[in-house]
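Asks:
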């Protein structure tokens, strides 16, 4: 269901896969609360979740008799929304840390130092403010991203109409258990 982009899946199968992917992504996004380092490393495994989302959407579009390339539409909608979420959540849920980090970054950039000194100062600022901020925003950001994932998944799923006939992608009677 989650790893092969070939074939077709109906709306219920899509939602079953979506629930699994949202739950896994939610738990991975919570990891910075425990350890920022482990959370950062395991966030790379979200690449697998992205692939699984793509496979789900391709099969769902195939079920509607549409090209799997249309999976780019909900994918881009999700990425744009996730970008907005990642820029809005820190100043709302960690305003002091966010403002202090912004001020420190502005001071470093305005100091006019060479590239190496700016990079070194940036790393120090990231260590000082980045970890506490990651811990503070992990829960709200995880919840908001999970909700956003479900919204994009539900809306996309609802807009793709099932093609009851055999089409160029597969026979509709095949299911993935």
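Residue numbers (the working numbering): 1343 to 1519. Backbone N, C-alpha and C fix where the C-beta goes; we use that ideal spot for every residue, glycine too. Since the model is a prediction, treat every value here as computed from it, not as a measurement.
#1: Under three-state DSSP, which class holds residue 1497?
#2: Please report the distance separating the alpha-carbon of residue 1444 from that of residue 1477.
#3: Checking 9 Å against the spacing of the C-beta atoms, do residue 1391 and residue 1367 come in under that value?
#4: Count the other C-beta atoms from every protein chain shown that fall within 10 angstroms of the C-beta of residue 1454, then say buried if there are 16 or more, exposed otherwise.
#5: Residue 1350 by DSSP, collapsed to three states: which one?
#6: Which residue from 1397, 1434, 1385 and 1473 puts its Cα closest to that of residue 1417?
#7: Could you name each continuous alpha helix (DSSP H) segment of 4 residues or more that falls completely within the segment 1421-1465, going from the start of the chain to the end?
#8: Below 8 Å, can you find three or more Cβ-Cβ pairs linking the segment 1348-1359 to the segment 1449-1465?
#9: In terms of residue numbering, what span does the alpha helix (DSSP H) encompassing residue 1394 cover?
#10: Helix, strand or coil: which one does DSSP assign to residue 1343?
#11: Under a Cβ-count criterion, where at least 16 other Cβ atoms within 10 Å of its own Cβ denotes burial, should residue 1405 be classed as buried or exposed?
#12: Pick from 1472, 1363, 1446 and 1346: whose alpha carbon is nearest that of residue 1490?
#13: Look at residue 1403 and residue 1467 and say whether their C-beta atoms are less than 9 Å apart.
#14: Rounded to the nearest angstrom, what separates residue 1357 and residue 1365 at their Cα positions?
#15: With distances taken between CB atoms, is the gap from residue 1307 to residue 1371 smaller than 9 Å?
#16: For residue 1371, name the three-state secondary structure that DSSP assigns.
#17: Pull up the distance between the alpha-carbon of residue 1486 and that of residue 1435, whole angstroms please.
#18: Going by DSSP in three states, residue 1416 sits in which element: helix, strand or coil?
#19: With the cut-off set at 9 Å, would you say residue 1475 and residue 1497 are in Cβ contact?
Replies: For this structure:
#1: helix
#2: 18 Å
#3: yes
#4: exposed
#5: coil
#6: 1397
#7: 1437-1452
#8: no
#9: 1388-1405
#10: coil
#11: buried
#12: 1363
#13: no
#14: 12 Å
#15: Residue 1307 lies beyond the residue range present for the chain, which begins at 1343 and ends at 1519; the question has no answer from this structure.
#16: helix
#17: 12 Å
#18: helix
#19: no
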